[in-house]
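J.: This is the structure, below, for whatever I ask next.
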Amino acid sequence: MAFEICFSVAMLFSLWLAAECDDLPFEVHQVECRDHYVWAVVELAFAGEDVHFEAVDETGIHPITEEYAAMCGYTASVLPLSGLVELRSSYFSCHTENKDGVFKLNFNLLVTHDGHLVRYNFNKTCTPAAAWSPREITCEVNYMEVSLRNEVTCSSVKMADDWNDALRAPYTSAVSDWQVVFQRAGEQSMPMNVSEARKQGYWFDLMDERLVFRTPYGQPDSFSTEMSGVPVEVVHATLFSRQSWVVIMVDLVAACSMDEGSYDNGYIMWDIPDMLHPLVSGIYDTQVNVGVNGKLEEQPVAEQRGYMVEKHNATVMISIPYNAEGGYRKSLHLMGDLYEYYVFHLYVEQISMDEDDVNTRLRFQKTLATPLLPRPVFTENRTVLEDRVFTVYLGDVPEDVKLTAVQLNGHMYIVPFINSSGHTITEVVHDNHTHDYTVQVPFDHHVVTEQFSREDEAIKHMLDINFTLTVLPENEHFYHHTSVYALTDASPPEFEANCSETGIIFKMDHRPFDYLWFISIGSERLTPELAAEHKYNMRNDSQSLVLEVPLFTDGYQYKNISLKGFLGTFEILVRDRNTSEVQRSTVKTCPFTRLEFIFCSTDGKMTVAADLSGMIPPGDPARSNLMDKYCGPREADETRALFSFPVNSCGSTVRLFKENVIYQNEILYTRKLRESTQLSDNSTEQFESDTVGVGHITTSPSLTEPETTTMKPTVTVTHTTPPTRRTRRPAVFQPAFHPPVRYVRVSPFRYLESLKRERIRIIDNEWQRKFQEACPDLCLQQDFTPSIFAVSLLGGRPLRASSSRTSPPNLP
């Protein structure tokens, strides 16, 4: 239960009580002496909305309730828009100490902290700088107050009827104490003494040689009327005292504009009558000054802010721009939309001079608010196509609204974004109490959707954005949605290539618009049939295409061949669907190592790496040679030898078949060391091929006894049949025609004792020759395995060879 930290049990302890209360921290409150009242504010965050004030004087502590405040001249308000708790106290309030024009005010602030009621004390001593006018009228938000200088002159004869009505009461009264009668609509109430009037909420007092009358709005003795079309509340009290035949009468009239204000075309407007009946009459001079928050502004400042004071007939019209400086703004979320309203604490001073040269000063405190005004935020697509980044601007966001989350194509991201999210958001704060946000998302971000626009013949990148905005401090959420798109030229698909021990693996992720292109190996379109024919491993599903190209299959290029290994290169082409022009090429080169291999280059050279470690009896690979004893290895180590030579040299034999030409050679080992002779390409035959050939190496069985030298090697030829057979034309054999190597086969051999050497390996190489007309339908449609290679006729170009020798007219 909350308890009060300080308390009082008797009036005598009131001063001790004030001393025992905690002093209000300086940093959370502010107290000022103003022209006709004391202004005090406390930070709302410190006080809270459940806050109370007490007036303290020598008689004790007096809680300032709503009713008591209106009677005694206090106005307490909670101002959430400004974050303050405000207390305005008239210098003539009930508990102000006044000595020779010096006003002392003492207050307690009651707040609840940690469940305990705590009382803080603050006070202020003021000496008003400006002199008091003969008549002072204050129209506060909760009361009207009139103060008159005690020597004020009587009104002119125009007020005689009112005086005659008022004189009836004191002459018929039998008492001499001060009494009051109220007049309304030609009628007057029964006289009552001042103490009785106080019980009804009226306050009469004599302070600093001024007579003070104060009343809340809406009292039974007040009345409403219209003056110059402006609603006005009037209270007319006559205070009198009869001493024998002498009657002292004071006429007190308070009249305040009750106009609620209006809003039109961006202005908040408020009207007051130019003359308030019946306080003054015969006005010949009126001056109106305007300010906000309890302070009047100088004329140049007011004009700069857009404040306007205009007089139409007998009405003074005050206009303030709805967003002028000095007002307070608040956002409001309603039915899915954002609204705003503005609040002004208007302060108006009206100075009038009547025909009796009596100066009357009226001061108005009026709170005006606009209706709910739509306040939509807006988005702007600021994407620069060349940057390939969506740039979306969210602007005109009020300062009490924050962006808390962004949904990108259904993916929710909390603001601020993390650095690893791949997109960014920036905030810029402006001097006009607004801020904006800029969201940037790359076109290739995973949340961006893409589709091919047939109408635009371009790729359409689409981004749907839903902003989550929060109104503070209520933490109410509302949403703003926008969609943007960008058109870019369709880019060809791209492969990701990786090396493996057995070949090269290509992978391509599918996109909706990939049908604009097709994939080819060389000039042939990649299809499941082509992959099966060339022994490629192809997997194609809805997500991606994976092509595994084993080593030694069609399409490879080889270089840097040595015993340590070689480089294999494979290329995949992306061609335009309509023109077949190459749009993108993916080339991958990988290092490979093999114990044994055989290659045939397009210029007719054969390169062979052979493992000689299993030969009996063993020998030095560097001493091995081909059928031509002068053709030694180009490179050798302890177990292997590497040969490179033209296919039609080094003792190679040639066998012709209807569709195949086989080149065959053998690797021999001699016990006698001989120097390797540089191979010569000065053959009478010139060889040319369009594709690389691959041969096959087999090792003959080891022999324990010499075989007869009359036995010939046996070669088995494997024919590769094209998938489409065409009508054959008579084949013309050109002299010394040596197409690329195709197959290598090994037949049994015998140990040649007389030559002192051993036959180690037999190499047979074959290029397939096609005598039918070359056409694209047959290109790259041959069958391949790692041990069998068929030459392709790229683009339909046939194999060519020339020779000075004459070949037989018919093929075997």
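For reference, each letter of the sequence shown is one residue, going -21 to -1, 1 to 791 in mature numbering (1 follows the signal peptide of the UniProt record, and there is no 0).
Note that the Cβ used here is the ideal one computed from N, Cα and C, for glycine as well.
The structure presented is a predicted model; accordingly, all values stated were derived computationally and were not measured.
#1: Where are the alpha helix (DSSP H) runs, 4 residues long or more, that stay fully inside the segment 456 to 514, in chain order?
#2: Can you have a look at Ile767 and say buried or exposed, based on whether 16 or more other CB atoms are within 10 angstroms of its CB?
#3: Name the two residues that bound the continuous beta strand (DSSP E) containing Arg98.
#4: Using only CA atoms, which one of Gly306, Gly482, Gln329, Phe192 lies nearest to Thr349?
#5: Could you check what DSSP says for Lys290 in three-state terms: helix, strand or coil?
#6: Tell me which same chain residues have a C-beta within less than 8 Å of the C-beta of Pro107, skipping the five on either side of it?
#7: Looking only at DSSP bridge pairs, what is Asn338 linked to?
#8: Are the CB atoms of Asn388 and Val426 nearer to each other than 7 Å?
#9: Is the beta carbon of Val327 sitting closer than 7 Å to the one on Val269?
#10: Distance, Cα to Cα, Val213 vs Gln198?
#11: Excluding five sequence neighbours on each side, which residues of the same chain lie with their C-beta closer than 8 Å to the C-beta of Tyr301?
#12: How about Phe571 and Gly544: are their beta carbons less than 7 Å apart?
#13: For Val420, tell me which candidate among Glu434, Glu436, His412, Thr403 has the shortest Cα-Cα distance.
#14: What separation, rounded to the nearest whole angstrom, lies between the Cα atoms of Ser662 and Phe485?
#15: Kindly list the residues whose CB is nearer than 7 Å to the CB of Ala176, restricted to its own chain and excluding five residues on each side of it in sequence; keep chain order.
#16: Does the distance from the CB of Met314 to the CB of Asp264 come in under 7 Å?
#17: I'd like to know whether the C-beta of Lys538 is nearer than 7 Å to at least one C-beta of chain B.
#18: To the nearest angstrom, how far is the alpha carbon of Glu365 from that of Pro4?
#19: How about Glu28: is its Cβ closer than 6 Å to a heavy atom in the ligand ZN?
#20: What residues in its chain sit with their C-beta under 6 Å from that of Gly374, if we drop five residues either side in the sequence?
#21: Do you know how far the Cα of His424 is from the Cα of Ser541?
#22: In or out: Tyr515 buried (at least 16 other Cβ within 10 Å) or exposed?
#23: Going along the chain, which residues of its own chain have a beta-carbon closer than 7 Å to the beta-carbon of Ala48, five neighbours each way excluded?
#24: Exposed or buried, Asp200, counting other C-beta atoms within 10 Å across all chains shown (16 or more means buried)?
#25: Using the Cβ count rule (16 or more neighbours within 10 Å means buried), how would you classify Ile393?
#26: If you drop the 5 nearest sequence neighbours on each side, which residues of the same chain put their C-beta closer than 8 Å to that of Val295?
#27: Taking the DSSP output, what are the residues bridged to Tyr53?
#28: Please work out which residues of its chain come closer than 7 Å, Cβ to Cβ, to Phe549, disregarding the five sequence neighbours upstream and downstream, and give them in chain order.
#29: Give me the DSSP bridge partner(s) of Ala589.
#30: By Cβ distance below 7 Å, which residues in the same chain neighbour Thr706 in space, the five residues on each side in sequence not counted?
#31: Between the segment 158 to 174 and the segment 217 to 229, are three or more C-beta pairs nearer than 8 Å?
#32: Quick check: what's the CA-CA separation for Glu614 versus Val553?
#33: Would you kindly work out how many angstroms separate the C-alpha atoms of Ser174 and Pro42, rounded to a whole number?
#34: Is there contact here, the segment 469 to 482 with the segment 553 to 564, by at least three beta-carbon pairs under 8 Å?
#35: DSSP three-state call for His406: helix, strand or coil?
#36: So, Leu509 versus Ile498, is the Cβ gap smaller than 7 Å?
T.: So, to answer that:
#1: Within the segment 456 to 514, the complete alpha helix (DSSP H) runs of at least 4 residues are 507 to 512.
#2: Because Ile767 sits at a pLDDT of 28, beneath the cut-off of 50, its placement in the model cannot be relied upon, and the point is left open.
#3: Start and end: 95 to 105.
#4: Considering only alpha carbons, the answer is Gly306.
#5: Three-state result, Lys290: strand.
#6: The residues Cys12, Asp14, His15, Tyr70, Gly80, Phe82, in chain order, have a CB closer than 8 Å to that of Pro107 in the same chain once the five nearest residues on each side in sequence are set aside.
#7: Checking the DSSP bridge columns, you'll see Asn338 partnered with Met332.
#8: Taking C-beta atoms as the reference points, Asn388 and Val426 count as a pair closer than 7 Å.
#9: A contact, by the Cβ cut-off of 7 Å.
#10: Their Cα atoms are separated by approximately 10 Å.
#11: Taking C-beta separations shorter than 8 Å and ignoring five residues to either side along the sequence, the partners of Tyr301 in its chain run Tyr242, Gly245, Tyr246, Ile247, Tyr321, Thr349, Leu352, following chain order.
#12: The answer is yes: Cβ separation under 7 Å.
#13: For the residues Glu434, Glu436, His412, Thr403, the minimum Cα distance to Val420 belongs to Thr403.
#14: Here the model assigns Ser662 a pLDDT of 38, short of 50, so the residue's position is not dependable and the matter cannot be decided.
#15: Cβ within range, chain order: Val159, Phe183.
#16: Contact flag unset, no.
#17: Included in the structure is just one protein chain, with no chain B present.
#18: The alpha-carbon of Glu365 is positioned some 59 Å away from that of Pro4.
#19: This structure does not include the ligand ZN; it has no bound ligands of any sort.
#20: Correct list, in chain order: Phe357, Asp415.
#21: For Ser541 and His424, the distance between alpha carbons rounds to 45 Å.
#22: That one is buried.
#23: Its chain contains Thr54, Ala55, Asn121 as the residues whose beta carbon lies nearer than 7 Å to that of Ala48, once the 5 sequence neighbours on both sides are disregarded; these appear in chain order.
#24: Burial call: buried.
#25: Counting Cβ neighbours within 10 Å, Ile393 comes out exposed, since fewer than 16 surround it.
#26: Excluding five sequence positions before and after Val295, the CB atoms of its chain that fall closer than 8 Å to its own CB belong to Asp250, Ile251, Pro252, Asp253, Thr265, Val267, Val288, Glu289, Gln329, given in chain order.
#27: Per DSSP, the beta-bridge partners of Tyr53 are Ser68.
#28: So the list reads Ile483, Val528, Gly534, Tyr535, Lys567, once near-sequence residues are dropped.
#29: Answer is Ala620.
#30: For Thr706, the predicted model reports a pLDDT of 39, less than 50, meaning its position is unreliable and no value from the coordinates is stated.
#31: With the cut-off at 8 Å, the segment 158 to 174 and the segment 217 to 229 touch.
#32: Cα-Cα distance, rounded: 40 Å.
#33: If you take the alpha carbons of Ser174 and Pro42, they lie about 20 Å apart.
#34: Touching, yes, given that three or more Cβ pairs across the two stretches are closer than 8 Å.
#35: With the sequence shown as reference, residue 406 is identified as Glu, and His is not the correct amino acid for it. Of the three classes helix, strand and coil, the one that applies to Glu406 here is strand, per DSSP.
#36: No. Outside cutoff.
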